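Numbering (my numbering), first residue to last: 44 to 322.
Backbone N, C-alpha and C fix where the C-beta goes; we use that ideal spot for every residue, glycine too.
Keep in mind that this is a model prediction, so the values were computed, not measured.
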């Protein structure tokens with residue numbers, strides 16, 4: 044029954060993606076879009092999809108390793124693969140890609156994994172991504188800083204501003220992982236605000252929702268410390284697989300660009316730097 048449900052949801056997600064892509068094509072120059080397809084042979088499209096699927100498999104594998112070895116919870120590969128695939132889908136259709144991580148926590152909770160443990164997994168993955176992304180994006184920034192900092196262009200300045208916000212968000216999440224008690228203290232101060240208190244009481248179905256959240260943040264801290272300190276070797280394996288999975292994404296983009304722009308001297312490292320800087 045679960046396999047059937049997964050299959051239906053994946054088909055719906057694919058159909059949604061095809062529908063959106065079709066609308067975008069119809070809104071643009073259809074002839075130009077169709078003309079660009081001549082650069083891609085069936086074999087090249089197969090290679091692009093294979094590299095993307097390989098990245099998803101790696102993401103699914105690293106999730107399994109963390110959940111089984113560090114959290115000592117049960118999860119099979121199908122559940123992990125579905126979790127990551129649908130995470131990509133919800134990230135693409137929600138603002139700031141926030142829906143992906145929220146859905147993944149929700150799905151793990153349905154599988155019997157505590158929400159604080161699931162949150163630890165997703166926050167850890169976010170920090171890992173930002174650390175890897177920062178290394179490559181700094182390379183891309185300094186390599187093309189004259190373009191990004193051009194005084195006559197507005198867009199590059201906005202991109203740089205967005206980049207600084209992204210770095211700040213990594214620091215915010217990292218602090219929240221190891222010192223989550225500040226979140227519960229902040230929310231507790233809002234208990235005196237009647238509309239907010241009523242909303243939280245309705246969501247949690249508890250009068251003492253602030254105490255429950257404090258307990259949750261303490262459990263989150265324990266889960267984070269267990270993975271980042273006690274099971275540091277597992278974290279290193281996770282980061283390594285994350286790096287390979289992210290490079291698979293860059294490789295897909297690199298192969299597509301090489302197929303279209305044959306004459307440009309494209310460099311994989313340059314593409315990686317620009318890709319991570321812009322994302």
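On a CA-only basis, which of the options is nearest residue i? Give me that one, please.
{"i": "residue 214", "options": "173, 123, 245, 253", "result": "173"}
{"i": "residue 162", "options": "87, 190, 57, 144", "result": "144"}
{"i": "residue 122", "options": "148, 236, 182, 193", "result": "148"}
{"i": "residue 155", "options": "310, 114, 257", "result": "114"}
{"i": "residue 311", "options": "151, 58, 183", "result": "183"}
{"i": "residue 110", "options": "98, 126, 251", "result": "126"}
{"i": "residue 295", "options": "130, 301, 219, 91", "result": "91"}
{"i": "residue 210", "options": "260, 236, 319", "result": "319"}
{"i": "residue 101", "options": "117, 89, 124", "result": "124"}
{"i": "residue 208", "options": "88, 321, 297, 84", "result": "321"}
{"i": "residue 254", "options": "193, 232, 152, 86", "result": "232"}
{"i": "residue 264", "options": "106, 51, 218", "result": "218"}
{"i": "residue 84", "options": "283, 303, 297, 54", "result": "303"}
{"i": "residue 180", "options": "305, 289, 131", "result": "289"}
{"i": "residue 299", "options": "88, 59, 49, 55", "result": "88"}
{"i": "residue 292", "options": "94, 66, 309", "result": "94"}
{"i": "residue 164", "options": "199, 250, 305, 116", "result": "116"}
Does the Cβ of residue i have 16 or more other Cβ atoms within 10 Å, making it buried, or fewer, making it exposed?
{"i": "residue 222", "result": "exposed"}
{"i": "residue 241", "result": "exposed"}
{"i": "residue 225", "result": "exposed"}
{"i": "residue 247", "result": "exposed"}
{"i": "residue 57", "result": "exposed"}
{"i": "residue 227", "result": "buried"}
{"i": "residue 277", "result": "buried"}
{"i": "residue 150", "result": "buried"}
{"i": "residue 193", "result": "exposed"}
{"i": "residue 279", "result": "exposed"}
{"i": "residue 400", "result": "The first residue shown for the chain is 44 and the last is 322, placing residue 400 beyond what the model contains."}
{"i": "residue 98", "result": "buried"}
{"i": "residue 315", "result": "buried"}
{"i": "residue 132", "result": "buried"}
{"i": "residue 236", "result": "exposed"}
{"i": "residue 48", "result": "exposed"}
{"i": "residue 59", "result": "exposed"}
{"i": "residue 239", "result": "exposed"}
Please list the terminal residues of the continuous alpha helix (DSSP H) segment that includes residue i.
{"i": "residue 269", "result": "Per DSSP, residue 269 belongs to no alpha helix (DSSP H) and is neither H nor E."}
{"i": "residue 124", "result": "120-136"}
{"i": "residue 281", "result": "275-303"}
{"i": "residue 306", "result": "Unbroken run through residue 306: none, as it is neither H nor E."}
{"i": "residue 322", "result": "That residue, residue 322, is in no alpha helix (DSSP H); it is neither H nor E in DSSP."}
{"i": "residue 222", "result": "Residue 222 -> no alpha helix (DSSP H), and no H or E assigned at all."}
{"i": "residue 159", "result": "158-186"}
{"i": "residue 116", "result": "Here residue 116 belongs to no alpha helix (DSSP H), and DSSP marks it neither H nor E."}
{"i": "residue 192", "result": "Note, residue 192: premise wrong, no alpha helix (DSSP H); not H, not E."}
{"i": "residue 153", "result": "141-153"}
{"i": "residue 98", "result": "85-108"}
{"i": "residue 234", "result": "Segment: none, residue 234 is in no alpha helix (DSSP H) and carries neither H nor E."}
Tell whether a beta-carbon distance below 9 Å holds between residue i and residue j.
{"i": "residue 274", "j": "residue 168", "result": "no"}
{"i": "residue 157", "j": "residue 266", "result": "yes"}
{"i": "residue 286", "j": "residue 175", "result": "yes"}
{"i": "residue 317", "j": "residue 187", "result": "yes"}
{"i": "residue 142", "j": "residue 134", "result": "yes"}
{"i": "residue 284", "j": "residue 108", "result": "yes"}
{"i": "residue 185", "j": "residue 202", "result": "no"}
{"i": "residue 53", "j": "residue 118", "result": "no"}
{"i": "residue 243", "j": "residue 166", "result": "no"}
{"i": "residue 159", "j": "residue 269", "result": "no"}
{"i": "residue 256", "j": "residue 272", "result": "no"}
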